[in-house]
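*Asks:* Its first residue numbered 13, the sequence shown is counted upward by one per residue in our numbering.
Glycine included, every Cβ here is placed at the ideal spot set by N, Cα and C.
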Amino acid sequence: MNRLSGSCNHFIGRLEPIVGWLQPFVERLERLIDRLHTFVGQLDMLSVFN
Numbered sequence: 013m014n015r016l017s018g019s020c021n022h023f024i025g026r027l028e029p030i031v032g033w034l035q036p037f038v039e040r041l042e043r044l045i046d047r048l049h050t051f052v053g054q055l056d057m058l059s060v061f062n
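1. Can you give the Cα-Cα distance for His31 and Phe23, rounded to whole angstroms?
2. Would you report the Cα separation of Val38 and Arg26, rounded to the nearest angstrom?
3. Measure the alpha-carbon distance for Phe7 versus Arg40 and round it to whole angstroms.
Dropping the structure here:
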């Protein structure tokens with residue numbers, strides 16, 4: 013059991029730099045999705061007026 017948690021910690025340790033490297037991309041993606049949402053919302057508003 014102890015050996016399992018050790019290898020699990022090792023695995024998480026290997027993943028941490030990858031996650032840290034991906035984080036800016038994820039944040040950029042979230043911002044892009046937010047922009048898309050507002051854009052679609054504006055389009056909906058325009059279609060309501062037309």
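*Replies:* With the given structure in hand:
1. As written in the sequence, residue 31 is Val, which differs from the His given in the question. About 12 Å.
2. 19 Å
3. In this structure the chain extends from 13 to 62, so residue 7 is not present and cannot be described.
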